[in-house]
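The sequence shown runs 17 to 432 under the working numbering.
No residue lacks a Cβ here, since even glycine has one placed at the ideal position from N, Cα and C.
Remember, it's a predicted structure, so these values are computed and weren't measured experimentally.
This report concerns only the one structure given below.
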Amino acid sequence: MRNLERIMLFLLLILASGAGQGIFAVPSASTSSEGQPLTQIAFGLMYLAIFLFLLFKFRKSALFLIQKERWTAVLCLWVLATTLWSVNPGETFRRALALVGTSMAALYIGMRYEPKQQLKMIALVVGLGAVASLAAGLLFPGIGITMDGSWQGIYYPKNSLGRMMALGAFSFALLALGQRRHRGVRVAMFLLCCVLMVLSRSATAVVVSVLMFALLPFRKALYLRIRPRLALATVFGLFVVTLGFYGMENSDQILKAFGRTSSLTGRIPLWQIVVKEIAARPLRGYGFASFWSSWEGERVSEASAWDVAVPHAHNGFLEVWLGIGIIGLAILVIGLLRNFISSMRAAKANREIDQAWPLLLLVFTVLYNLTETSLLGVNALLWMAYVANSFWLVRTAEEKKSAVYLEEVPLVVYSA
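Here is the structure:
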């Protein structure tokens, strides 16, 4: 039974990573999973299996965690509620159910696996995707490489390859720093992920990775006393402000080095148009995942003058506001802030680097969503990993108080 569970979970994470989308993707689709009924059926069956598993084996613990964590459940309920006023009710309801399934799978992972185990699973999934993407680019360039020379590997589009490789590079780096075992293999996989990330020409992935590795040494600041920590924060703040002023003064040269313009490849004009659309429905939004399939979304695509239809707002927070309004965005931000505080405490309580994974993943998610979109990602690995850590943070805080939880849900020891 445990082997069957691991196989199902592994297949779910592979699908959630987007692996294989580059082979079957429909170029006109707004998302990588759109127009792929077999993939949707596979997700649905796995979500159903997880639901039945939780219902009949871990019902008490699952309900306990949902109640204690609460913000994910509230967010999912609000997303479902937006079907009532959505500009495309059918699309909103379908994708809202998928978001509930994604979050339910994350609940299961958070219940059963520790951060180190989650990190190993993500590294394994992304590592296999990296090897397959390298093979696709070298052996099947018609699939692995786009017309402009950017690599997409077995993912779709190229930004998906960049996102997964950025996540993989950071995951393998943490594993290599945390354990001597298999360090050579992990360093090699880290380098492969970095190479593929650069080949994808995803500037967001490169910039976020650089920032994450630059922030990594500051993890040790969590263990300092309050005065040294404040002094370090002041120095770091001054450095960021100085770097910000330098960036503004030399933005054209910096962006040119990444092959981008001062408009961030059309993102700034797009954001200006999106903000105007948000102003028309600021409280409740247009309905979850429905805006870009509506005539309002088509109007924005035409006004932005992009070569292709705009798939999303290219900013996770604007995308959330656009879809589920300021109320939904507020629920999301409250959950993010709560997880930030909890993950800081967890990282401070245990100096093992894998215990900092929830905090580092949260920072990665926020940074990535400044110019791309992964928040409330349907059937998406990054959102699934974030929510899983959200439930894990609550579990670790509560399991000391709840003997019932400890008795009902044994931890799974995962090795890779």
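Once DSSP output is grouped into helix, strand and coil, what is the label at residue i?
| i | result |
| --- | --- |
| Ile161 | strand |
| Trp311 | helix |
| Trp167 | strand |
| Arg300 | coil |
| Ala329 | coil |
| Thr389 | coil |
| Gly36 | coil |
| Ser102 | coil |
| Ala396 | coil |
| Gln52 | coil |
| Glu368 | coil |
| Phe156 | coil |
| Arg197 | coil |
| Glu415 | coil |
| Val90 | helix |
| Lys132 | helix |
Should residue i and residue j be called a contact, given that it needs their Cβ atoms to be closer than 8 Å?
| i | j | result |
| --- | --- | --- |
| Glu312 | Glu335 | no |
| Ala97 | Asn395 | no |
| Gly351 | Arg300 | no |
| Gly194 | Glu368 | yes |
| Glu85 | Val410 | yes |
| Gly339 | Gly303 | yes |
| Ser320 | Gly282 | yes |
| Leu61 | Ala121 | no |
| Ala182 | Ala221 | yes |
| Ala35 | Ala152 | no |
| Ala305 | Thr88 | no |
| Ser309 | Asn104 | yes |
| Leu190 | Trp408 | no |
| Gln37 | Tyr171 | yes |
Span of the alpha helix (DSSP H) holding residue i?
| i | result |
| --- | --- |
| Leu293 | What sits at residue 293 in the sequence shown is Glu, not Leu. Run containing Glu293: Arg283 to Ala296, per the alpha helix (DSSP H) assignment. |
| Thr220 | Ala219 to Leu231 |
| Ala362 | Gly332 to Ala365 |
| Ser119 | Pro105 to Arg128 |
| Ser216 | From DSSP, Ser216 is part of no alpha helix (DSSP H); its letter is neither H nor E. |
| Ser187 | Lys174 to Gly194 |
| Ile30 | Arg18 to Ala32 |
| Ser77 | Arg75 to Glu85 |
| Ser306 | Ser306 -> no alpha helix (DSSP H), and no H or E assigned at all. |
| Phe380 | Trp373 to Tyr384 |
Using the rule of at least 16 other Cβ atoms within 10 Å of the residue's Cβ for burial, across every protein chain shown, is residue i buried or exposed?
| i | result |
| --- | --- |
| Pro157 | exposed |
| Gly165 | exposed |
| Leu93 | exposed |
| Lys76 | exposed |
| Leu291 | Strictly speaking, residue 291 in this sequence is Val, with Leu absent from that position. Exposed. |
| Thr250 | exposed |
| Gln134 | buried |
| Gly145 | buried |
| His328 | buried |
| His198 | exposed |
| Ile296 | The sequence shown places Ala at residue 296, not Ile. Exposed, by the Cβ-count rule. |
| Pro233 | exposed |
| Thr412 | buried |
| Pro53 | exposed |
| Asn19 | exposed |
| Leu68 | exposed |
| Leu100 | exposed |
| Ile138 | buried |
| Gln83 | exposed |
| Asn366 | exposed |
Heavy atom of the ligand ADP less than 7 Å from the Cβ of residue i, yes or no?
| i | result |
| --- | --- |
| Leu150 | Among the components modelled here there is no ligand, and therefore nothing to report on the ligand ADP. |
Taking three-plus beta-carbon pairs below 8 Å as touching, is the segment 382-395 in contact with the segment 326-340?
Short answer: they touch.
Within 8 Å, do at least three Cβ pairs link the segment 215-222 to the segment 161-176?
Taking one beta carbon from each stretch, the segment 161-176 and the segment 215-222 have 3 or more pairs nearer than 8 Å; the two touch.
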